[in-house]
Every structure is written in structure tokens, then in C-alpha cells.
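Take a look at the structure set out below.
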Amino acid sequence: MKPQPFDPNEFPTLVKYDSQKIEDAIQKLMKDRSMTRQQAMVNLEQDLSELE
């Protein structure tokens, strides 16, 4: 699956990372935690911004 571009206004942290790795992480969250794509992206944005 080709990675989708992320909105830098909504996801300023995600756009800094390799989009394929982010896409893989989103797919994993959706599968493991039954999240929607939007929930997974928000979750990942929060996690990554806390790490910085």
C-alpha cells in the first residue's frame, strides 16, 4: 500500500519521518488496536511528539 501524504498542519511530527515507516505503524495500530486510520495517525503523532 502506497503511503498517504500527511497534512503538516495536523501532523507536524509525522511528516518528519519516513512515510513508509509511518504507514506501517498506522496499519499495525489499526490491526492490533482496532483503531480507525484517523485514530492511529493522531495516536502516532502524540507518541512521536512526546519523544522529541
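Start counting the sequence shown at -8; every next residue gets the next number (the numbering used here). No residue lacks a Cβ here, since even glycine has one placed at the ideal position from N, Cα and C.
What residue range is occupied by the uninterrupted alpha helix (DSSP H) comprising residue i?
{"i": "Val6", "result": "Careful: Val6 lies outside any alpha helix (DSSP H) and carries neither H nor E."}
Taking buried to mean at least 16 other C-beta atoms within 10 Å of its own C-beta, is residue i buried or exposed?
{"i": "Leu35", "result": "buried"}
{"i": "Leu42", "result": "exposed"}
Identify whether residue i lies in helix, strand or coil by the three-state DSSP scheme.
{"i": "Glu43", "result": "coil"}
{"i": "Gln30", "result": "helix"}
{"i": "Asp(-2)", "result": "coil"}
Just to check my reading of the structure: residue i and residue j have Cβ atoms closer than 8 Å, yes? What is that Cβ distance to the nearest angstrom?
{"i": "Ala31", "j": "Leu20", "result": "4 Å"}
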